[in-house]
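In the UniProt record's numbering, the protein residues as written are 1 to 485. Glycine included, C-beta positions come from ideal geometry on N, C-alpha and C. The structure appears below as structure tokens.
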Amino acid sequence: RHVSSSCLIGERCRETASSPWCRYKVGSRSLAAEHWCMRGKCIVSANSLFPRSPSISFYPLCHGNIFTLLDNTIKAGRVLADFGSNLNLHKMPRTKKKNSKGGQHGAVQPFSDEDASIETLSHCSSFSDSTSVADEGGDGSEDTAQEDFQYKLKGFIDSTVDKSAKTRQGALDGLKTAMATRILYEFISERRMTITDSIERCLKKGKGEEQRAAASLACLLCIQLGSGIESEEVFKTLKPIFKNILADGSANIQARQAVATSLGLCTLVAEDDVLDVQATMECFENLFTRSYARADGYPAQASPKTAEAAESEDVNMRIVAGETIALLFELARDTEPEFEFEDWDQLCVKLSALATDCNKHRAKNDKRKQRSVFRDVLKAVEDGDFQSETIRFGTERMSIDSWVRKRTYDAFREFVGSGMNYHLQANEFIRDVFELGPPMLVDSATMKAMKISRFERHLHNSAAFKARTKARSKFRDKRVDVGEF
Numbered sequence: 001r002h003v004s005s006s007c008l009i010g011e012r013c014r015e016t017a018s019s020p021w022c023r024y025k026v027g028s029r030s031l032a033a034e035h036w037c038m039r040g041k042c043i044v045s046a047n048s049l050f051p052r053s054p055s056i057s058f059y060p061l062c063h064g065n066i067f068t069l070l071d072n073t074i075k076a077g078r079v080l081a082d083f084g085s086n087l088n089l090h091k092m093p094r095t096k097k098k099n100s101k102g103g104q105h106g107a108v109q110p111f112s113d114e115d116a117s118i119e120t121l122s123h124c125s126s127f128s129d130s131t132s133v134a135d136e137g138g139d140g141s142e143d144t145a146q147e148d149f150q151y152k153l154k155g156f157i158d159s160t161v162d163k164s165a166k167t168r169q170g171a172l173d174g175l176k177t178a179m180a181t182r183i184l185y186e187f188i189s190e191r192r193m194t195i196t197d198s199i200e201r202c203l204k205k206g207k208g209e210e211q212r213a214a215a216s217l218a219c220l221l222c223i224q225l226g227s228g229i230e231s232e233e234v235f236k237t238l239k240p241i242f243k244n245i246l247a248d249g250s251a252n253i254q255a256r257q258a259v260a261t262s263l264g265l266c267t268l269v270a271e272d273d274v275l276d277v278q279a280t281m282e283c284f285e286n287l288f289t290r291s292y293a294r295a296d297g298y299p300a301q302a303s304p305k306t307a308e309a310a311e312s313e314d315v316n317m318r319i320v321a322g323e324t325i326a327l328l329f330e331l332a333r334d335t336e337p338e339f340e341f342e343d344w345d346q347l348c349v350k351l352s353a354l355a356t357d358c359n360k361h362r363a364k365n366d367k368r369k370q371r372s373v374f375r376d377v378l379k380a381v382e383d384g385d386f387q388s389e390t391i392r393f394g395t396e397r398m399s400i401d402s403w404v405r406k407r408t409y410d411a412f413r414e415f416v417g418s419g420m421n422y423h424l425q426a427n428e429f430i431r432d433v434f435e436l437g438p439p440m441l442v443d444s445a446t447m448k449a450m451k452i453s454r455f456e457r458h459l460h461n462s463a464a465f466k467a468r469t470k471a472r473s474k475f476r477d478k479r480v481d482v483g484e485f
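If you want it as structure tokens, here you go:
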């Protein structure tokens with residue numbers, strides 16, 4: 001005698017006294033369900049569900065309120081909704097087997113014990129109650145997504161040694177995107193030397209964009225590993241290659257730029273020895289001083305050259321030059337409070353002209369960005385002020401209140417891009433750089449409770465918009481009353 005099992009719609013299967021078939025209820029009607037009950041599982045013939053598709057032949061199993069169509073993975077609710085009262089489950093076809101003597105056919109059991117176990121194992125890994133599936137379904141989907149993601153990463157790592165340069169660069173870009181948007185410490189730590197070898201090969205044998213992507217990936221690898229022995233091993237392998245590319249004047253200019261940026265940031269992350277840091281700075285000094293050496297052999301002052309760069313035709317060059325001037329003045333005043341610059345008046349005139357640039361030959365968007373940056377630069381040079389910014393990530397906030405802090409933030413954001421907020425939340429090294437403390441573990445319920453309502457957010461945005469409009473109106477000549485002066 002078998003134990004009663006759960007049928008596909010939640011009614012208990014009951015064995016009748018006269019036959020081994022079960023009955024179940026659909027709504028208020030009682031229909032004969034031609035199930036073959038065996039060891040607590042109902043094996044149902046579902047060929048009649050699709051009478052016009054003779055090619056479909058499968059046997060679903062219903063157990064624990066779950067109805068699984070083995071090859072189509074259609075659940076009971078969807079099947080009942082699609083077919084409604086036209087569901088007609090026929091008797092499972094009995095197989096015919098010839099005896100050893102041949103000729104005679106005997107009626108045999110549709111499935112033996114062995115066949116039923118094979119059918120179950122081959123199509124269904126496990127069955128559980130609907131409640132357990134509802135509770136564990138999310139975890140299962142997350143685990144599956146994580147496995148798929150790691151499988152893609154392994155494919156990218158393997159593709160970094162492909163013969164095709166396009167394939168290698170695509171693999172490098174895929175790894176860069178993954179490291180920039182997620183914390184992958186455990187996965188990367190186990191494969192750090194493999195990834196390092198791939199980066200080394202791409203830096204040595206690659207050209208242009210491939211070298212640039214490899215240099216950026218090296219920096220992201222160190223950021224993921226953080227400050228420790230693991231990142232030191234990676235940087236120790238790649239540092240000589242970085243310096244060779246920097247010293248090679250025939251190398252691609254974009255590759256050299258990416259290598260210089262990666263070398264500087266990797267030194268910040270992975271280098272602990274002060275002498276090694278000083279050697280890297282001397283390498284940069286020897287490289288950069290060649291561009292502004294005077295005829296007498298002595299290097300010129302950096303500030304005049306930087307001021308000339310602020311008048312470049314490229315808007316990005318002008319903006320970077322202006323931010324560098326503000327950064328140098330801030331560092332100089334922190335070191336020497338009574339610092340004075342010789343050509344201070346002339347520099348302020350140039351900065352003021354750039355802050356109010358009205359050149360018609362330049363794009364409006366470029367002029368807007370330039371004026372916004374150089375207004376802040378002019379304040380930094382004249383008064384030593386900085387317009388602080390607030391960065392929000394999750395339930396935390398970080399204040400950027402100096403040009404040094406802003407430059408540090410921009411340097412990390414250059415590599416991680418849109419994943420900067422996520423790294424501020426979870427990356428221990430970046431949190432340590434910005435003095436944010438250890439990562440905060442906040443569950444979803446707490447996050448939901450701390451989240452402000454839409455109405456409160458609307459009021460806050462309205463107040464901020466009003467205050468911003470009043471502040472900006474002071475800098476618009478057309479809004480100023482001449483009588484006030």
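Check: Which term fits Ala326, buried or exposed, when burial requires 16 or more other beta carbons within 10 angstroms of its beta carbon?
Finding: Your numbering for residue 326 matches position 326 in the sequence shown. Looking at its Cβ environment, which holds 16 or more other Cβ atoms inside 10 Å, Ala326 is buried.
Checklist line | Cβ neighbours of Lys204 in the same chain (closer than 8 Å, five flanking residues each side left out) | finding: Numbered from its first residue, the sequence shown carries residue 204 at position 204. Excluding five sequence positions before and after Lys204, the CB atoms of its chain that fall closer than 8 Å to its own CB belong to Ile241, given in chain order.
Next item on the list: Decide if Tyr409 is buried, meaning its Cβ has at least 16 other Cβ atoms within 10 Å, or exposed.
Entry: If you number the sequence shown from 1, residue 409 lands on position 409. It is buried - the Cβ of Tyr409 has at least 16 other Cβ atoms within 10 Å.
Next item on the list: Just the C-alpha distance for Phe156 and Ala178, rounded to the nearest angstrom, thanks.
Entry: Reading the sequence shown from its first residue, position 156 is the one you call residue 156. Reading the sequence shown from its first residue, position 178 is the one you call residue 178. Taking the straight line joining both Cα atoms gives about 10 Å.
Checklist line | Arg392 (DSSP reduced to helix, strand or coil) | finding: As a position in the sequence shown, residue 392 is number 392, starting the count at 1. If DSSP states are grouped into helix, strand and coil, Arg392 belongs with the strands.
Margin query: Between the stretch 391-398 and the stretch 334-354, can you find at least three pairs of beta-carbon atoms closer than 8 Å?
Written below: The stretch 334-354, when compared against the stretch 391-398, does not touch it at the 8 Å Cβ threshold.
Notebook entry, point to check: Would you call the stretch 179-192 and the stretch 365-381 in contact, with 3 or more CB pairs under 8 Å?
Noted result: The stretch 179-192 vs the stretch 365-381: no contact.
Item checked: Contacts around Thr196, its chain only, beta-carbon distance under 6 Å, and the 5 residues preceding and following it disregarded -> Here residue 196 is taken as the residue at index 196 of the sequence shown, counted from 1. These residues qualify, in order along the chain: Val234, Thr237.
Checklist line | Span of the alpha helix (DSSP H), counted from its first residue to its last, around Glu271 | finding: For the purposes of this step, residue 271 is taken as residue 271 along the sequence shown, with counting starting at 1. Note, Glu271: premise wrong, no alpha helix (DSSP H); not H, not E.
Check: My guess is that Leu217 and Lys166 are in contact by the Cβ rule of under 8 Å, so how many angstroms apart are they, rounded?
Finding: Within the sequence shown, residue 217 is the residue found at index 217, counting from 1. Within the sequence shown, residue 166 is the residue found at index 166, counting from 1. Contact flag wrong, Cβ pair sits at about 16 Å.
Checklist line | Alpha-carbon to alpha-carbon, Gln370 and Gly228 | finding: Locating residue 228 in the sequence shown gives position 228, where the first residue counts as 1. Locating residue 370 in the sequence shown gives position 370, where the first residue counts as 1. The straight-line gap from Cα to Cα measures roughly 40 Å.
Item checked: CB contact flag (Ser231, Cys222, <8 Å) -> Numbered from its first residue, the sequence shown carries residue 231 at position 231. Numbered from its first residue, the sequence shown carries residue 222 at position 222. In this structure, Cys222 lies closer than 8 Å to Ser231 by Cβ.
Next item on the list: May I have the straight-line CA-CA distance separating Gly208 from Ser473, to the nearest angstrom?
Entry: Mapped onto the sequence shown, residue 208 falls at position 208. Mapped onto the sequence shown, residue 473 falls at position 473. Each residue's Cα considered, the two are about 47 Å apart.
Check: Which residue from Leu459, Lys154, Phe393, Phe149 puts its Cα closest to that of Pro439?
Finding: The residue given as residue 439 occupies position 439 in the sequence shown. Across the set Leu459, Lys154, Phe393, Phe149, the C-alpha of Phe393 shows the shortest separation from the C-alpha of Pro439.
Item checked: Coil, strand or helix - Lys466 by DSSP -> Looking up residue 466 in the sequence shown gives position 466. DSSP places Lys466 in helix when its eight states are reduced to three.
Item checked: Three-state secondary structure assigned by DSSP to Ser399 -> Position 399 of the sequence shown, counted from the start, is the residue given in the question as residue 399. Note: Ser399 maps to strand in three-state DSSP.
Notebook entry, point to check: Quick one, are the C-beta atoms of Ala411 and Leu265 less than 8 Å apart?
Noted result: To locate residue 411, count along the sequence shown from 1; it is residue 411. To locate residue 265, count along the sequence shown from 1; it is residue 265. Yes.
Item checked: Inter-residue Cα distance where the pair is Phe374 and Leu225 -> Reading the sequence shown from its first residue, position 374 is the one you call residue 374. Reading the sequence shown from its first residue, position 225 is the one you call residue 225. Phe374 and Leu225: Cα-Cα distance of roughly 37 Å.
Margin query: Within 10 Å of its beta-carbon, does Leu263 have 16 or more other beta-carbons around it, so buried, or fewer, so exposed?
Written below: The count along the sequence shown starts at 1 and reaches residue 263 at position 263. The residue in question, Leu263, is buried, as its Cβ has 16 or more Cβ neighbours within 10 Å.
Check: Roughly how many whole angstroms lie between the Cα atoms of Trp36 and Leu441?
Finding: For the purposes of this step, residue 36 is taken as residue 36 along the sequence shown, with counting starting at 1. For the purposes of this step, residue 441 is taken as residue 441 along the sequence shown, with counting starting at 1. For Trp36, the pLDDT reaches just 40, beneath the cut-off of 50, and the residue's location in the model is therefore unreliable, although a value from the coordinates is still provided. Their Cα atoms are separated by approximately 52 Å.
Notebook entry, point to check: Apart from the five residues just before and just after Thr160, which ones in its own chain have a Cβ nearer than 7 Å to its Cβ?
Noted result: Within the sequence shown, numbered from 1, the residue matching residue 160 stands at position 160. So the qualifying residues of the chain are Arg168, Ala171, Leu172, Ser198, Cys202.
Note to self: List, from N- to C-terminal side, the alpha helix (DSSP H) runs of 4 residues or more that fit wholly inside the stretch 329-356.
What the structure shows: Here the runs fully enclosed are 344-355.
Notebook entry, point to check: By Cβ distance, which residues of its chain are closer than 8 Å to Ala247, with the 5 residues on each side in sequence left out?
Noted result: Indexing the sequence shown from 1 puts residue 247 at position 247. Here the set comprises Leu287.
Checklist line | Closest residue to Ser402 among Ala145, Val377, Asn365 (Cα-Cα distance) | finding: The residue you call residue 402 lines up with position 402 of the sequence shown. Between Ser402 and the set Ala145, Val377, Asn365, the nearest pair of CA atoms involves Val377.
Next item on the list: Let me know the secondary structure DSSP gives Gly417 once reduced to three states.
Entry: Taking the first residue of the sequence shown as 1, we reach residue 417 at position 417. Here Gly417 sits in helix by DSSP.
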